[in-house]
Amino acid sequence: MPRKDQVSIKTIAEKTGLSTATVSRVINKKGGFTRETYERVQKAVQELDYVPNAMARGLRTRSVPLVGIIVPDIINEFFSRIVLRVQLALAARGYSVFICNTDESAENEQTYLATLQGMQISGLVCISGSDMTDEAWPNVPTVYIDRNPIRPAPRSTIIESDNLSGGWMAATELLRRGCREIALLGDERSLSTALSRRNGFQHALNDAGLVPEESRIFSVAKVDEKNAYDAVSFALRSGVTFDGLFCMTDWLALGALKALENAHLRVPGQVRVVGFDDVRVASYSALPITTIRQDTDEMSRLAVEELTRMMEGEPCRRPHWIVPVSLIRRETT
262 MPRKDQVSIK
272 TIAEKTGLST
282 ATVSRVINKK
292 GGFTRETYER
302 VQKAVQELDY
312 VPNAMARGLR
322 TRSVPLVGII
332 VPDIINEFFS
342 RIVLRVQLAL
352 AARGYSVFIC
362 NTDESAENEQ
372 TYLATLQGMQ
382 ISGLVCISGS
392 DMTDEAWPNV
402 PTVYIDRNPI
412 RPAPRSTIIE
422 SDNLSGGWMA
432 ATELLRRGCR
442 EIALLGDERS
452 LSTALSRRNG
462 FQHALNDAGL
472 VPEESRIFSV
482 AKVDEKNAYD
492 AVSFALRSGV
502 TFDGLFCMTD
512 WLALGALKAL
522 ENAHLRVPGQ
532 VRVVGFDDVR
542 VASYSALPIT
552 TIRQDTDEMS
562 RLAVEELTRM
572 MEGEPCRRPH
582 WIVPVSLIRR
592 ETT
């Protein structure tokens with residue numbers, strides 16, 4: 262017989278000969294089962310001393326189930342919104358959370374992963390992590406959010422926005438508004454999110470018979486307002502002209518708007534601008550920014566549901582989730 266702290270829904274399913282989905286419905290009182298099925302599950306629960314609440318199981322074993330969260334920049338609103346929603350949802354299910362802010366450092370990430378390994382976490386949420394996988398990676402159920410790893414952990418699922426469609430929507434909005442000399446401002450790193458947004462952007466331009474010029478592709482080493490301002494200002498001083506600008510984040514768009522203002526270029530009169538994310542700065546800036554909205558609520562909900570399933574011994578429903586995005590029109594287009 263397994264130890265009490267190892268008893269899961271899967272254990273009960275094996276003992277009763279029922280599916281994990283049926284056992285879960287019985288334990289969570291969701292209906293769709295017969296009286297006989299209910300009694301079989303309850304008998305197994307009593308014999309195995311199974312406690313369905315994660316917090317209660319933790320108290321019985323003198324430890325609270327712990328989930329690690331890897332986040333690259335906790336002050337970035339896009340990331341912090343996901344962290345907050347995931348933390349609250351996991352707490353409601355009886356899990357404690359250990360948040361690790363890596364400051365976009367692969368070295369810091371590896372240090373935190375080694376720490377989490379030693380803490381014997383039950384699961385891991387990796388938000389926009391690096392693509393390093395080695396012996397430091399905890400062998401636990403893992404959910405990746407935002408960036409798509411090349412080598413995901415064995416028990417894992419990926420949840421990301423439809424970045425390809427988002428890039429296409431941004432370029433299409435600029436084309437629809439009459440732009441023909443369209444520039445792109447993004448991260449110089451080859452991240453899955455950036456690559457997908459750029460590919461979508463290029464597909465839309467190609468469909469319109471346009472070819473993106475390399476001189477109109479602006480890259481930054483760090484995604485923030487200052488670097489965006491510097492990159493756009495440098496391009497304008499170098500004589501690069503454009504009538505539309507797709508910025509891969511709203512913070513990049515904010516810096517770009519300041520650079521355009523200082524160059525005495527009117528937005529949207531002379532240059533139209535589209536951002537990405539729909540963080541609060543997009544709607545509350547002096548000139549509200551047209552942007553592509555990512556559904557952080559849905560991404561967080563899926564992350565918690567899938568991670569909980571895997572920690573309960575059930576398989577994830579899908580290895581890869583793509584969450585739809587939407588265009589939010591404001592005053593920059």
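With our numbering applied, the sequence shown corresponds to residues 262 to 594, in that order. Cβ coordinates follow ideal geometry from the N, Cα and C atoms, glycine included. Note that the coordinates shown come from a computational prediction; the quantities given were computed from them, not determined experimentally.
Under the three-state reduction of DSSP output, W429 falls in the helix class.
Around the beta carbon of Q348, 16 or more other beta carbons sit within 10 angstroms, so the residue counts as buried.
In this chain, the beta strand (DSSP E) harbouring G536 covers 533-538. Look at the beta carbons and you see the region 412-420 not touching the region 358-369: under three pairs across the two are nearer than 8 Å. For W582, the enclosing beta strand (DSSP E) starts and ends at 581-584. If you draw a straight line from the Cα of K304 to the Cα of A353, it is about 27 Å long. The alpha carbon of E567 has as its nearest neighbour, out of L548, M430, R441, R579, the alpha carbon of R579. Counted as a single uninterrupted DSSP element, the beta strand (DSSP E) harbouring Y405 occupies residues 403-406. Counting along the chain, the unbroken alpha helix (DSSP H) around G461 starts and ends at 453-468. DSSP links S389 through a beta bridge to no other residue. Counting along the chain, the unbroken beta strand (DSSP E) around D448 starts and ends at 443-448. Positions of the beta strand (DSSP E) runs, each at least 3 residues long and wholly inside the region 542-583, are given as 551-554 in order along the chain.
DSSP places S417 outside any alpha helix (DSSP H); the residue lies instead in the beta strand (DSSP E), whose first and last residues are 417-422. For the options R346, P529, S587, the alpha carbon positioned closest to that of R438 is the one of P529. The alpha carbon of T372 has as its nearest neighbour, out of S453, F503, G329, the alpha carbon of G329. The C-beta of L374 has 16 or more other C-beta atoms within 10 Å across all chains shown, which makes the residue buried. In the three-state scheme derived from DSSP, where H, G and I count as helix and E and B as strand, F294 is classed as coil. Within a 10 Å sphere around the beta-carbon of A543 sit 16 or more other beta-carbons, which makes this residue buried. A straight line joining the alpha-carbon of S546 with that of E434 spans about 20 Å. Contact between the region 441-460 and the region 489-504 is present: 3 or more CB-CB pairs across the two stretches fall below 8 Å. Secondary structure at L309: helix, using DSSP grouped into helix, strand and coil. Short of 8 Å from the beta carbon of P415, and not among the five residues preceding or following it, lie these beta carbons of its own chain, in chain order: N400. Contact between the region 551-559 and the region 574-591 is present, with at least three C-beta pairs closer than 8 Å.
For G505, the uninterrupted beta strand (DSSP E) segment begins and ends at 505-508.
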